[in-house]
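A.B. asks: Sharing a structure below in structure tokens format, with a few things to ask.
Following this line, the structure appears as structure tokens:
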């Protein structure tokens, strides 16, 4: 007898009632939904704690959106990782804590940041113990991620105002030993191998369709579609949702994070919001849903940081020495749809990722007046901004936006160049940061912050460490997914009911 | 036998199961939660359609947050209201439609706007038929709301860029015949009287605690606390949530609309998010939760519109001739926490609501250089902005922000004045615009936009006509609450099950 007829009325938005489950097609202690970094780590820890683990993945292979990333992990504190110490950085836990708290924005989660800062070094050890390799090397120059197999980079706004004034800067982006960009696939291959070796049953091509609720406030299973058929899966201890964010669901983006609609390059695999909706269907609260990350890789080379961004009105709007994603967040919210990066003869170099970024030279001229005319800006709009900037830069200061002295240089050597960085044309990669509210243990919370029995979330299905577009730093997503995936796996394995 | 023990485990975030309701303490066809404008109108229409209506109000009297408003209704189209026509405005339905669609922002609800634009005049007639009086008078000057009992005012950005370029402007804010500000109380008194005359049972001091779910996807009642006791109320046809927004719940504001945290003057009565949470507890989707309205009443007099706003960097950021709330929304998202309104001898007049607005003169000087120094802005930051503005204003243009010619005047006559409009100090009144996703009929939708049986919402519990801070116009909240409250009442009364 099949369950299908009685389960068909359940959906992402309406759980099935356990009383309607005629029999269980699958049984496990812990069910994990999604085989990205969060799901892999959740499964590994749950299995290590002795649970029988069943992992459902909607696609035919492991990786999820984590495999599209650089595989970079934001870690530090405790005096520093081997790479940090070798590079001369004694990174204190309190500086890591303060930085992550600042980057969390107005709704930063102090408990989550505290736990992560305290256990960050241990977590890095754990990743290495899984087999993820990192070279002991450091790249001092600005980059997005290494094109070599090097490790340590500056991957946030640590050295920039206002962060540097409140937390001692250190580079904390640790990239796996993988030559070229895209270390996320390598990271996921290593984790996948570990999952295969662990007591984890993996079912690919299995799409989560609904949660199963047993009694009040208690999740006891999952309805999945496998081979075109609805099947029921019992979770004796808990279900862990690691099914990504919602950036590929443009309706959801419009209703919750409309600023991201401007990005034409959402970065995701499934990321259709189904994980978040499953959580909400049993009372889980989704928070910070308007927050997202969007970026254009406008540097390296670092010399470009000495240029200035101007908006449609010819105004500067940010200290250009902060992280590319923070610059981009400010770009997104400017009035008007034009934005340029201005350079002079000394600072200009072709952006290394120019083709990917789709950055074109809008115009070049022998005077800033000429550039201003070419861009069809009203007389004085650009020239006034450049003159003001140059005058103060010559004195070593940026009184309006506080760009650090080492990046200040008057833009006075012709030819002058304006790079076109329009959001509607260029490569602004984006993903969402809002998701289910959880405890650091991964327990999904309702709007009163009461846990929902048997339900956990991690990765971008949850609202994690990175939760504020202005504060995003590379490596915090994978750090969050792996670390809090582990916490959820450990906690779910301990559920007794 | 009391229901209490079995109902106590239900909450705003978890519905009660109808099987746990031992008996119904109240029974009605339609239950309305909240006695503001939306609730009153929902109750009136449901009763008119023949339903037995029960209205629960958490406080001891009618009014809700609507009673704190100006009672202004945004109406027009169809050639214009009597007041519009008398004032010389032939307002086309399509212009009303286009304007409201624009002001809805990226997630504007075309179906809702269409229905409202088509029936706006009829709705105005209905309000008058209830006994709400409006004088046939027009105030051409800029104001927030009349201090007299006059009616028609400009209450949005109709004449300002970019709205005027896309919809023919007309004044559409209709204020009730009530001398002084605060016509919302008058409006609510009239509606309250009608509710008392109708077949509506009103229970004050009754706080909605949980929905009751009967079977799958079906709301069948409500748990309320009355006299310190939990009671069950059966809704044979439907429950209509009109319980306000969430601006008074600062935790919710932080998690969903952190920009509004900066406003120290949330405008609300209950508005604790309980209506939205009740809807979410049965799968209702909340949308646009980050959007809100915040404003400082910086004009009248209108001459102040000829001044310019500058941010912490001394930059202009908006055409100052748009609606005060749109200016304020842009103020809120500027970098830095300082903002000033600059005036010269010719344009300055004391803001009529200076004390309420808490606007102080930051400084005055004989030259703009002196003002710049007094404000501790770096040399040239303010002066450059003013010079650029003056140069173009002298030519009748504002190439950066498109302020209309009639408001352009070079600020060249000393003394010069800077008014301090800091968000952290001044009166920025705020409320939320996000809420439950509904059909124009008020039916609450889940994330897949499927209606949830027996559940309706209106007013700020729903995401209505006004749903974008940048586009808010005075009168759209009360228009939305009254009109879509009515739709919900009519629809709920017709439910058969």
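Chains as they are written, first to last, in the working numbering: chain X, 4 to 500; chain C, 4 to 500. In this text, a Cβ means the ideal position worked out from N, Cα and C, and glycines have one as well.
#1: In whole angstroms, what separates the C-alpha of residue 406(X) from that of residue 394(C)?
#2: Ignoring anything shorter than 4 residues, give me the alpha helix (DSSP H) runs that lie fully in the region 5-62 of chain C, in order along the chain.
#3: Would you grab the beta carbon distance between residue 204(X) and residue 56(X) for me? Rounded to a whole angstrom, and I think it's under 8 Å.
#4: Residues in its own chain within less than 6 Å of residue 480(C) by CB, not counting five upstream and five downstream?
#5: Per DSSP, residue 454(X) forms a beta bridge with which residues?
#6: Residue 423(C) by DSSP, collapsed to three states: which one?
#7: Bridge partners for residue 155(C) per DSSP, in chain order?
#8: Is residue 110(C) close to chain X? Criterion is C-beta to C-beta, closer than 9 Å.
#9: Just curious, the beta strand (DSSP E) that residue 435(C) is in, first and last residue?
#10: For a contact defined as C-beta to C-beta under 7 Å, what are the partners of residue 83(C) on chain X?
#11: Run down chain C in chain order and give the residues with a C-beta less than 8 Å from the C-beta of residue 58(X).
#12: How big is the Cα-Cα spacing for residue 471(X) and residue 429(X)?
#13: Which value, in whole angstroms, describes the spacing of the CA atoms of residue 110(C) and residue 63(X)?
#14: Classify residue 346(C) as helix, strand or coil using the three-state DSSP reduction.
#15: Which term fits residue 173(C), buried or exposed, when burial requires 16 or more other beta carbons within 10 angstroms of its beta carbon?
#16: By the 10 Å Cβ neighbour count, where 16 or more other Cβ atoms means buried, how is residue 370(X) classified, buried or exposed?
#17: Quick check on residue 372(X) - is its C-beta less than 9 Å from some C-beta in chain C?
#18: Considering just the uninterrupted stretch of the alpha helix (DSSP H) at residue 481(X), what are its terminal residues?
#19: Any idea what DSSP makes of residue 89(C), helix, strand or coil?
#20: Does the pairing of the region 482-494 of chain X with the region 190-209 of chain C give three or more beta-carbon distances under 8 Å?
#21: May I ask which residues mark the beginning and end of the beta strand (DSSP E) holding residue 368(C)?
#22: Keeping to the same chain, check which residues put their C-beta closer than 6 Å to that of residue 66(X); ignore five residues upstream and five downstream.
#23: If you reduce the DSSP assignment to three classes, tell me which class residue 147(C) lands in.
#24: Using a beta-carbon distance cut-off of less than 8 Å, what residues from the region 57-80 of chain C approach chain X?
#25: Would residue 493(X) pass as an interface residue toward chain C - the criterion being a Cβ-Cβ separation below 9 Å?
#26: Verify whether the separation of the beta carbon atoms of residue 448(X) and residue 287(X) is less than 9 Å.
#27: Can you confirm whether residue 440(C), when its beta carbon is compared against all beta carbons of chain X, has any partner nearer than 9 Å?
#28: So, for residue 4(X): in the same chain, excluding its five sequence neighbours on each side, which residues have a beta-carbon less than 8 Å away from its beta-carbon?
#29: For residue 270(X), which three-state DSSP category applies?
#30: For a cutoff of 9 Å on Cβ pairs, would you count residue 354(C) as touching chain X?
#31: For the region 371-422 of chain C, list the beta strand (DSSP E) runs that are entirely contained and at least 3 residues long, ordered along the chain.
#32: Just to confirm my understanding: we take residue 417(X), look at its own chain, exclude 5 residues before and 5 after, and list those with CB closer than 8 Å. What are they?
#33: What residues from the region 256-280 of chain C come within 7 Å of chain X, judged by C-beta to C-beta, listed N to C?
#34: Closest by CA to residue 68(C), which one among 246(C), 161(C), 154(C) and 242(C)?
#35: Please confirm if residue 290(C) has its CB atom under 9 Å from at least one CB of chain X.
#36: Are the region 374-388 of chain C and the region 288-300 of chain C in contact at 8 Å, needing three or more beta carbon pairs?
C.D. replies: Per the coordinate set shown:
#1: Residue 406(X) and residue 394(C) have their C-alpha atoms spaced approximately 30 Å apart.
#2: Scanning the region 5-62 of chain C from its first residue to its last, the whole alpha helix (DSSP H) runs of 4-plus residues come out as 7-10 and 40-51.
#3: Sure, about 7 Å apart at Cβ, within 8 Å.
#4: Around residue 480(C): 469.
#5: Beta-bridge pairing links residue 454(X) to 448(X).
#6: Strand, per DSSP.
#7: Per DSSP, 141(C) and 177(C).
#8: At least one CB atom of chain X sits nearer than 9 Å to the CB of residue 110(C).
#9: Counting along the chain, the unbroken beta strand (DSSP E) around residue 435(C) starts and ends at 432-435.
#10: Neighbourhood of residue 83(C) in chain X, by CB distance below 7 Å: empty, with the nearest CB roughly 32 Å away.
#11: Contact of residue 58(X) with chain C by beta-carbon distance below 8 Å is absent, the smallest such distance being about 25 Å.
#12: Spanning the two alpha carbons is a distance of roughly 22 Å.
#13: So the alpha carbons of these two residues sit roughly 34 Å apart.
#14: Secondary structure at residue 346(C): strand, using DSSP grouped into helix, strand and coil.
#15: Residue 173(C) comes out buried.
#16: Taking a 10 Å sphere around the C-beta of residue 370(X), we find fewer than 16 other C-beta atoms and assign the residue as exposed.
#17: Not closer than 9 Å to any Cβ of chain C, the Cβ of residue 372(X) fails to qualify, so no.
#18: For residue 481(X), the enclosing alpha helix (DSSP H) covers residues 479-496.
#19: The answer is helix: DSSP assigns residue 89(C) an H, G or I state.
#20: The region 482-494 of chain X makes no contact with the region 190-209 of chain C, as fewer than three CB pairs between them are under 8 Å.
#21: In this chain, the beta strand (DSSP E) harbouring residue 368(C) covers 363-368.
#22: Excluding positions up to five away in sequence, the list reads 191.
#23: Under the three-state reduction of DSSP output, residue 147(C) falls in the coil class, being neither helix nor strand.
#24: Closer than 8 Å at the C-beta level to chain X, one finds no residue of the region 57-80 of chain C.
#25: For residue 493(X), the answer is no, since every Cβ of chain C falls outside 9 Å of its Cβ.
#26: Yes, Cβ-Cβ distance for residue 448(X) and residue 287(X) is below 9 Å.
#27: Cβ-Cβ to chain X under 9 Å: yes for residue 440(C).
#28: Low local confidence applies: a pLDDT of 47 at residue 4(X) is under 50, so the model's placement there is unreliable, and no value is given.
#29: Coil at residue 270(X), not helix or strand.
#30: Not an interface residue.
#31: Within the region 371-422 of chain C, no complete beta strand (DSSP E) run reaches 3 residues.
#32: 347, 348, 368, 369 and 370, listed in sequence order.
#33: Legend: CB atoms of the region 256-280 of chain C lying less than 7 Å from CB atoms of chain X belong to residues 257, 258, 259, 261, 264 and 280.
#34: Sorting 246(C), 161(C), 154(C) and 242(C) by C-alpha distance to the C-alpha of residue 68(C) places 246(C) at the top.
#35: With 9 Å as the cut-off, residue 290(C) counts as an interface residue toward chain X.
#36: These segments do not touch.
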